[in-house]
Amino acid sequence: MKLSGKQYTMVERLLESWTDQDLLSREKADELKEHMELKVVNWKRVAQNMLGLAIVFMVIAFLHLVADEWVLEVLVRFFELSDAFFMSLLLLLALVFPWMASRVKHKSGALRVSVEAFLLLGIMSLGGACYYASTVFELSDFWKVGCVLLVAIYGLLVARLFYASVIWLTGLSGLTLWLGLETARLSGWEPLFLGMTFQLRFLVMSFLALLLMHGLRKMVLKKVFRMVSFQFVWFVFWVAFWLCALFGNYASWDDWEAVSALHLLPWGVMMAVAALWVWHQGVQKKHRQWVWMGSIALFADVYTQYFLFLWDPLPASLFFFLLALSFFLVGRKAEVIWGRP
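Residue numbers 18 to 358, in our numbering, belong to the letters of the sequence shown in order.
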């Protein structure tokens, strides 16, 4: 029988009282306690589900409303307003939502999901305001791309102010997007920048970021922000490395199809070496995350090379049979290792 915290305590006291009054034997009381189970409620998951349902029902309510002609007329008139109006409105919301988040946090610091939801709405509002500002002021590409940087910095500052790791991750994503757009702008929106495709650019930038963060291990940042930053940069690093192992530094699909797998092999070898080094460091330092990271990167690289070298020469049935067999063997080995007591 599952009971909430208060119910569990009340029943437990009641059994103790009956035992003390000789109304119930100790053996029977212990037997009854064995059938009691404390019910734990994941309030964070409940809050997330409720917010998700709120959004869904708001959309449903909106869809029902627009069925009315007068609502349609109001909406048409609303969206006929000038871009300057929407820019001002969204800019105001970008200030109002963080204020609402601060009010919620001040009243109850435990409502982290609600706080982060308001902060995310604030970031989205500022992004929308920048979009309309580019139309109102007829901004050049330099300022349009700069708006992305502005929104990213806004997200990082807000995350630092409210100690919100999810918003910090959003700010880092915006900063990464800005780096990609800025290099594309500097190259005249061509696929290559300084002879590098997007994946190679992000590989170099993430590698430099890892070196910088390693050198600034004692930077003034909350521990959770340092962890999120490291994990995010590592994620970008491995995704970029994997894309380099798959596509190399070729800027077009035609160029990629024209080369053989041997031309791409050096990228696969470099990724395998990097993955093995990370795995070895994780084993030596007993860092489970590094072990997992190196293992997953190595498996991704091996299967990528399998695809590149054997997709054309092997019949499709044999290709997928060997692929299935390899997954079975890896899964079996993992079951043996992790199934040990």
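All C-beta atoms in this analysis are idealised placements derived from N, C-alpha and C, irrespective of residue type, glycine included.
Rounded straight-line distance, which links the Cα of residue j to that of residue i
{"i": "S157", "j": "F326", "result": "45 Å"}
{"i": "W251", "j": "E155", "result": "37 Å"}
{"i": "H397", "j": "I170", "result": "Because the chain here runs from 18 to 358, residue 397 falls outside it and cannot be looked at."}
{"i": "L229", "j": "F219", "result": "15 Å"}
{"i": "V286", "j": "V113", "result": "51 Å"}
{"i": "M104", "j": "E199", "result": "23 Å"}
{"i": "A101", "j": "V175", "result": "25 Å"}
{"i": "R6", "j": "H280", "result": "As shown, the chain starts at 18 and ends at 358. That puts residue 6 outside it, with no answer to give."}
{"i": "A291", "j": "S204", "result": "29 Å"}
{"i": "A226", "j": "V300", "result": "23 Å"}
{"i": "F316", "j": "W309", "result": "11 Å"}
{"i": "S343", "j": "H231", "result": "36 Å"}
Beta-carbon spacing of residue i, residue j below 8 Å
{"i": "A181", "j": "V132", "result": "yes"}
{"i": "L110", "j": "I184", "result": "no"}
{"i": "W296", "j": "G311", "result": "yes"}
{"i": "T193", "j": "G172", "result": "no"}
{"i": "M222", "j": "L196", "result": "yes"}
{"i": "F9", "j": "L189", "result": "The structure shown has nothing for residue 9, since the chain only spans 18 to 358."}
{"i": "F264", "j": "F224", "result": "no"}
{"i": "A278", "j": "D318", "result": "no"}
{"i": "A134", "j": "F179", "result": "no"}
Counted within 10 angstroms of its Cβ, other Cβ atoms place residue i as buried (16 or more) or exposed
{"i": "D271", "result": "exposed"}
{"i": "T152", "result": "exposed"}
{"i": "F337", "result": "exposed"}
{"i": "G191", "result": "buried"}
{"i": "P283", "result": "exposed"}
{"i": "W206", "result": "exposed"}
{"i": "P115", "result": "buried"}
{"i": "G356", "result": "Model confidence at G356 stands at a pLDDT of 48, short of 50, so the residue's coordinates are unreliable; what they give is reported in the following sentence. Its Cβ having fewer than 16 others within 10 Å, G356 is exposed."}
{"i": "Y320", "result": "exposed"}
{"i": "A333", "result": "exposed"}
{"i": "V241", "result": "exposed"}
Close beta carbons around residue i, own chain, < 6 Å, minus the five adjacent residues each side
{"i": "Y267", "result": "W273"}
{"i": "L107", "result": "S142, G145 and A146"}
{"i": "F258", "result": "L220 and M288"}
{"i": "L209", "result": "A268"}
{"i": "Q322", "result": "G285"}
{"i": "G139", "result": "A111, F114 and P115"}
{"i": "W307", "result": "V295, Q298 and G299"}
Own chain, CB closer than 7 Å to residue i, minus 5 neighbours either side, in chain order
{"i": "L260", "result": "Q216"}
Bridge partners - residue i, DSSP secondary structure assignment
{"i": "M213", "result": "F210"}
Beta-carbon contacts of residue i that lie in its chain and below 8 Å, excluding the five residues immediately before and after
{"i": "R202", "result": "D158, F159 and V162"}
{"i": "P358", "result": "Any reading at P358 needs caution, since the residue's pLDDT is 44, under 50, leaving its predicted position unreliable; the model's value is listed next. Closer than 8 Å at Cβ, skipping near neighbours: no residue."}
8 Å Cβ cutoff, residue i in contact with chain B
{"i": "A257", "result": "The displayed structure is made up of one protein chain only, and chain B is not part of it."}
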